[in-house]
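**Q**
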Amino acid sequence: MSIALIVLAAGKGTRMQSDLPKVLHKIAHAPMLWYAMRAGSVLEPEHSIVVAGHGADLVEASAKDFDPEAQVVLQTEQLGTAHAVAQAKPALDGFEGDALVLYGDTPFIRQETLEAMAEARAQNDVVVLGFEAADPGRYGRLVTDGEELMRIVEFKDASPQERNITLCNSGVIAAKSDVLFDLIDAVENNNASGEYYLTDIVAIARSRGLSASVVRCDEAETLGVNSRAELATAESLFQTRARAELVENGVSLLAPDSVYLSWDTVIGRDAEVEQNVVFGPDVTVESGARIRAFSHLEGAHVSRGAVVGPYARLRPGAELAEDTHVGNFVEIKNAQLHQGAKANHLTYIGDAEIGEKTNIGAGTITCNYDGVFKHKTTIGKQAFIGSNTMLVAPVTIGNDAMTASGSVVTSDVPDGAMALARAKQVNKEGFATKLFAMLRAKKAKKQAQND
Ligand code: UD1
Ligand code: MG
Numbered sequence: 016m017s018i019a020l021i022v023l024a025a026g027k028g029t030r031m032q033s034d035l036p037k038v039l040h041k042i043a044h045a046p047m048l049w050y051a052m053r054a055g056s057v058l059e060p061e062h063s064i065v066v067a068g069h070g071a072d073l074v075e076a077s078a079k080d081f082d083p084e085a086q087v088v089l090q091t092e093q094l095g096t097a098h099a100v101a102q103a104k105p106a107l108d109g110f111e112g113d114a115l116v117l118y119g120d121t122p123f124i125r126q127e128t129l130e131a132m133a134e135a136r137a138q139n140d141v142v143v144l145g146f147e148a149a150d151p152g153r154y155g156r157l158v159t160d161g162e163e164l165m166r167i168v169e170f171k172d173a174s175p176q177e178r179n180i181t182l183c184n185s186g187v188i189a190a191k192s193d194v195l196f197d198l199i200d201a202v203e204n205n206n207a208s209g210e211y212y213l214t215d216i217v218a219i220a221r222s223r224g225l226s227a228s229v230v231r232c233d234e235a236e237t238l239g240v241n242s243r244a245e246l247a248t249a250e251s252l253f254q255t256r257a258r259a260e261l262v263e264n265g266v267s268l269l270a271p272d273s274v275y276l277s278w279d280t281v282i283g284r285d286a287e288v289e290q291n292v293v294f295g296p297d298v299t300v301e302s303g304a305r306i307r308a309f310s311h312l313e314g315a316h317v318s319r320g321a322v323v324g325p326y327a328r329l330r331p332g333a334e335l336a337e338d339t340h341v342g343n344f345v346e347i348k349n350a351q352l353h354q355g356a357k358a359n360h361l362t363y364i365g366d367a368e369i370g371e372k373t374n375i376g377a378g379t380i381t382c383n384y385d386g387v388f389k390h391k392t393t394i395g396k397q398a399f400i401g402s403n404t405m406l407v408a409p410v411t412i413g414n415d416a417m418t419a420s421g422s423v424v425t426s427d428v429p430d431g432a433m434a435l436a437r438a439k440q441v442n443k444e445g446f447a448t449k450l451f452a453m454l455r456a457k458k459a460k461k462q463a464q465n466d
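Taking this note's numbering, I'd label the letters of the sequence shown as residues 16 to 466.
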């Protein structure tokens, strides 16, 4: 069955105390909105519709950043969840599949849960995702009769007996698209909030002889974010889960609580991550690589057998092939290190390509920026870059070439050549001894004057 996702994201999020729309606040480097979209993507939706209101332009840009095909529809006034879903109706005109409603501020719904919803939908006209709440608070309550869902009652409208129900509404609802919009057309706003409640569609469906049921999920999946404090809780929850998932998949985390992951971090089995490592967005670490303590990675790819750190920084476009080594206080940006290349100490490599088995000496800098343009440094295979070489780009160093330490290399070095680009050394015999004697005498004289 083809699926249309409808992600509700029009709310202002007053309690965030922010100019940024709530759903654009980030968890592990990704806007909250992307989590709902990513969870829904497992169903390979034919339509991904985001209902935006507050900050709609920003929400639209972000939704399209995640999925260029996403459609954003506007809800100019927030008149309730049913009214929000109704805004997607024109976009789904003639669509024959199922619609699945998600909230943009509920980032932890699992893909498996949504798959279960889609399956249950095949047997029932309306499917609601519910959970047993430890403290049901102000959630809508699911009124059931055996396995059947009879209706949903909002907390504000619930009787004392109904408030005792602990099975609560997560907000996720699935129904055949045209059925959903038919039901929503019948929703009224004569309730305690004066809003059009999406939850009313269950009772309306039953009154029309349609069936409704509940799929249950863990309460943790339904965690919503309404304030900065809840955002911090969500961040920490994400980190705990993502670490646990990596460990379960065979990654060694030596001190899991000190490793910060991004929403999209990929680490292969038998890779090892030491203490205090930070992963920014878009990092892939292959099996068996080792990320040593205090390293910071973003937009980087680390291949099998590579060793990074301690204290390394990989910036976007860092491509480390197999068995490469990047050591302490080395920064790599937009550069490829081919197999077995090494840069072990105190180096900046930016906009560069480093050939197989080339060794970059301590203190080497690619001078890639002239103040206006960026330029490329290309180094061949098995080259040896002497310590403290300045490679003034654009520049090419050949295969098996060398640079003498301390060189400022401004022109290309052919294969097999050695570049020596520094002042020639001159030794003045006995000069140091004489100079020391002179300076010490001067110091003694000064001290005598002060006494
Ligand atoms: C809703 C449910 C409640 C459920 C709870 C779970 C209804 C009537 N109630 O209540 O049963 O237990 O979620 O968290 O559906 N939104 C819009 N436009 C609107 C109104 C809301 O886009 O006009 C969006 C909000 O931004 C939010 C989501 O819909 O992402 C839910 O709205 P919210 O006001 O938080 O609903 P609750 O009162 O929490
Ligand atoms: Mg809410």
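In this text, a Cβ means the ideal position worked out from N, Cα and C, and glycines have one as well.
Go through the segment 71 to 123 residue by residue and report every complete run of the beta strand (DSSP E) that reaches 3 residues or more, in order.
**A** Segments of the beta strand (DSSP E) lying fully in the segment 71 to 123: 86 to 89 and 113 to 118.
**Q** Could you give the distance in angstroms between the alpha-carbon of Ala-114 and the alpha-carbon of Ala-367?
**A** Position 99 of the sequence shown, counted from the start, is the residue given in the question as residue 114. Position 352 of the sequence shown, counted from the start, is the residue given in the question as residue 367. If you draw a straight line from the Cα of Ala-114 to the Cα of Ala-367, it is about 48 Å long.
**Q** Compare the C-alpha of Leu-23 against each of Ala-408, Ala-43 and Ser-63 and name the closest.
**A** Reading the sequence shown from its first residue, position 8 is the one you call residue 23. Measuring from the Cα of Leu-23, the nearest candidate turns out to be Ser-63.
**Q** What did DSSP end up calling Arg-305 once you bin it into helix, strand or coil?
**A** Position 290 of the sequence shown, counted from the start, is the residue given in the question as residue 305. In the structure shown, Arg-305 sits in a strand (DSSP, three-state: E or B).
**Q** CB-CB under 6 Å to Met-433, same chain, minus the five flanking residues each way: which ones, in chain order?
**A** By one-based count along the sequence shown, residue 433 stands at place 418. Once the five neighbours on either side are set aside, the close Cβ partners of Met-433 are Met-417.
**Q** Using alpha carbons as the reference points, say which of Ala-456, Phe-196, Ser-228 and Asp-160 lies closest to Gly-109.
**A** As a working note, residue 109 is residue 94 in the sequence shown. Ranking Ala-456, Phe-196, Ser-228 and Asp-160 by Cα distance to Gly-109 puts Phe-196 first.
**Q** Nearest to Pro-105 by alpha carbon, out of Ile-400, Val-229, Leu-35 and Ala-19?
**A** For the purposes of this step, residue 105 is taken as the residue at position 90 of the sequence shown. Checking every option, the nearest Cα to that of Pro-105 belongs to Ala-19.
**Q** Within the same chain, show all residues whose beta-carbon is closer than 7 Å to that of Arg-258, passing over the 5 residues directly before and after it, in chain order.
**A** Within the sequence shown, residue 258 is the residue found at index 243, counting from 1. Answer for Arg-258: Leu-268, Pro-271, Val-274 and Leu-276, listed in chain order.
**Q** Buried or exposed for Pro-122, going by 16 or more other Cβ atoms inside 10 Å?
**A** By 1-based counting over the sequence shown, the position of residue 122 is 107. Residue burial annotation: Pro-122 is buried, with at least 16 other C-beta atoms found within 10 angstroms of its C-beta.
**Q** Just curious, the alpha helix (DSSP H) that Val-194 is in, first and last residue?
**A** Taking the first residue of the sequence shown as position 1, residue 194 is located at position 179. Its alpha helix (DSSP H) spans residues 192 to 200.
**Q** Is the distance from the Cβ of Val-66 to the Cβ of Val-88 below 9 Å?
**A** Taking the sequence shown and counting its residues from 1, the one referred to as residue 66 is at position 51. Taking the sequence shown and counting its residues from 1, the one referred to as residue 88 is at position 73. Against a cut-off of 9 Å, the Cβ pair of Val-88 and Val-66 comes out as a contact.
**Q** Is the separation between the beta-carbon of Leu-213 and that of Ile-188 shorter than 9 Å?
**A** As a position in the sequence shown, residue 213 is number 198, starting the count at 1. As a position in the sequence shown, residue 188 is number 173, starting the count at 1. Cβ distance < 9 Å, so Leu-213 and Ile-188 count as in contact.
**Q** Could you check what DSSP says for Met-47 in three-state terms: helix, strand or coil?
**A** The count along the sequence shown starts at 1 and reaches residue 47 at position 32. Of the three classes helix, strand and coil, the one that applies to Met-47 here is helix, per DSSP.
**Q** Ile-199: beta carbon under 8 Å from a heavy atom of ligand 1?
**A** Residue numbering aside, residue 199 sits at position 184 when the sequence shown is read from its first letter. No; taking the cut-off as 8 Å, the Cβ of Ile-199 has no heavy atom of ligand 1 nearer than that.
**Q** So does Gly-70 have its beta carbon nearer than 8 Å to some heavy atom of ligand 2?
**A** Start at 1 with the first residue of the sequence shown, and residue 70 comes out as number 55. Incorrect: Gly-70 has no Cβ contact closer than 8 Å to ligand 2.
**Q** What is the DSSP secondary structure of Arg-136, reduced to helix, strand or coil?
**A** Numbered from its first residue, the sequence shown carries residue 136 at position 121. Of the three classes helix, strand and coil, the one that applies to Arg-136 here is helix, per DSSP.
**Q** Whole angstroms is fine: what's the gap from Glu-337's alpha carbon to Gly-320's?
**A** Within the sequence shown, numbered from 1, the residue matching residue 337 stands at position 322. Within the sequence shown, numbered from 1, the residue matching residue 320 stands at position 305. Using only the alpha carbons, I get a separation of about 6 Å.
**Q** Quick check on DSSP: helix, strand or coil for Val-240?
**A** The count along the sequence shown starts at 1 and reaches residue 240 at position 225. When secondary structure is reduced to three states using DSSP, Val-240 falls in the coil class, being assigned neither helix nor strand.
**Q** Put Met-453 into one of helix, strand or coil per three-state DSSP.
**A** Along the sequence shown, one-based indexing puts residue 453 at 438. In the three-state scheme derived from DSSP, where H, G and I count as helix and E and B as strand, Met-453 is classed as helix.
**Q** Between Thr-299 and Val-281, how many whole angstroms is the CB-CB distance? I'm expecting something under 8 Å.
**A** Within the sequence shown, numbered from 1, the residue matching residue 299 stands at position 284. Within the sequence shown, numbered from 1, the residue matching residue 281 stands at position 266. Yes, they are in contact, since the Cβ atoms of Thr-299 and Val-281 sit about 5 Å apart, within 8 Å.
**Q** Based on the DSSP secondary-structure assignment, which residues constitute the bridge partners of Arg-469?
**A** Past the boundaries of the shown model lies residue 469; the chain is included only from 16 to 466, so the question cannot be answered.
**Q** Could you name the residues that DSSP lists as bridge partners for Asn-374?
**A** For the purposes of this step, residue 374 is taken as residue 359 along the sequence shown, with counting starting at 1. Asn-374 is bridged to Lys-357 and Phe-399.
**Q** Val-22 lies in the beta strand (DSSP E); which residues open and close that run?
**A** Residue numbering aside, residue 22 sits at position 7 when the sequence shown is read from its first letter. It spans 18 to 24 - the beta strand (DSSP E) in which Val-22 sits, taken as one unbroken run.
**Q** Let me know the secondary structure DSSP gives Gln-462 once reduced to three states.
**A** Translated into positions along the sequence shown, residue 462 becomes position 447. Helix, per DSSP.
**Q** Quick check: the Cα distance between Gln-290 and Ala-327, rounded to an integer number of angstroms?
**A** Mapped onto the sequence shown, residue 290 falls at position 275. Mapped onto the sequence shown, residue 327 falls at position 312. Approximately 13 Å, taken between the alpha carbons.
**Q** Do you know offhand how far Asp-297's Cα is from Leu-329's?
**A** Against the sequence shown, residue 297 aligns to sequence position 282. Against the sequence shown, residue 329 aligns to sequence position 314. Going from the Cα of Asp-297 to the Cα of Leu-329 covers about 11 Å.
**Q** Taking Ile-21 and Val-100 to be in contact with their CB atoms under 8 Å, please state how far apart those CB atoms are, rounded to whole angstroms.
**A** Residue mapping note: residue 21 aligns to position 6 of the sequence shown, counting from 1. Residue mapping note: residue 100 aligns to position 85 of the sequence shown, counting from 1. The Cβ separation is near 6 Å, so the contact holds.
**Q** What does a CB cutoff of less than 6 Å around Tyr-50 pick up in its chain, not counting 5 residues either side in sequence?
**A** Counting from 1 along the sequence shown, the entry for residue 50 is found at position 35. Excluding positions up to five away in sequence, the list reads Pro-122.
**Q** In its own chain, which residues sit with a C-beta less than 6 Å from the C-beta of Asn-241, not counting the 5 before and 5 after it?
**A** Residue 241 sits at position 226 when you count from the first residue of the sequence shown. The answer, listed in chain order, is Arg-30.
**Q** Can Thr-411 and Asp-427 be called in contact, C-beta distance under 9 Å?
**A** Counting from 1 along the sequence shown, the entry for residue 411 is found at position 396. Counting from 1 along the sequence shown, the entry for residue 427 is found at position 412. Yes.
**Q** Report whether the distance from the Cβ of Asn-241 to the nearest heavy atom of ligand 2 is below 8 Å.
**A** Within the sequence shown, residue 241 is the residue found at index 226, counting from 1. Correct: Asn-241 has its Cβ closer than 8 Å to ligand 2.
**Q** Name the DSSP bridge partner or partners of Ala-333?
**A** To locate residue 333, count along the sequence shown from 1; it is residue 318. Beta-bridge pairing links Ala-333 to Ala-315 and Ala-350.
**Q** According to the Cβ coordinates, are Glu-287 and Val-266 closer than 9 Å?
**A** Numbered from its first residue, the sequence shown carries residue 287 at position 272. Numbered from its first residue, the sequence shown carries residue 266 at position 251. Yes, they are a contact pair.
**Q** Does ligand 2 have even one heavy atom less than 8 Å from the beta-carbon of Asp-120?
**A** Residue numbering aside, residue 120 sits at position 105 when the sequence shown is read from its first letter. The answer is yes for Asp-120.
**Q** Among the residues of its own chain, which have a CB less than 8 Å from the CB of Ser-192, if the five just before and after it don't count?
**A** For the purposes of this step, residue 192 is taken as residue 177 along the sequence shown, with counting starting at 1. Correct list, in chain order: Ala-19, Leu-107, Phe-110, Glu-111, Gly-112, Asp-113 and Ala-114.
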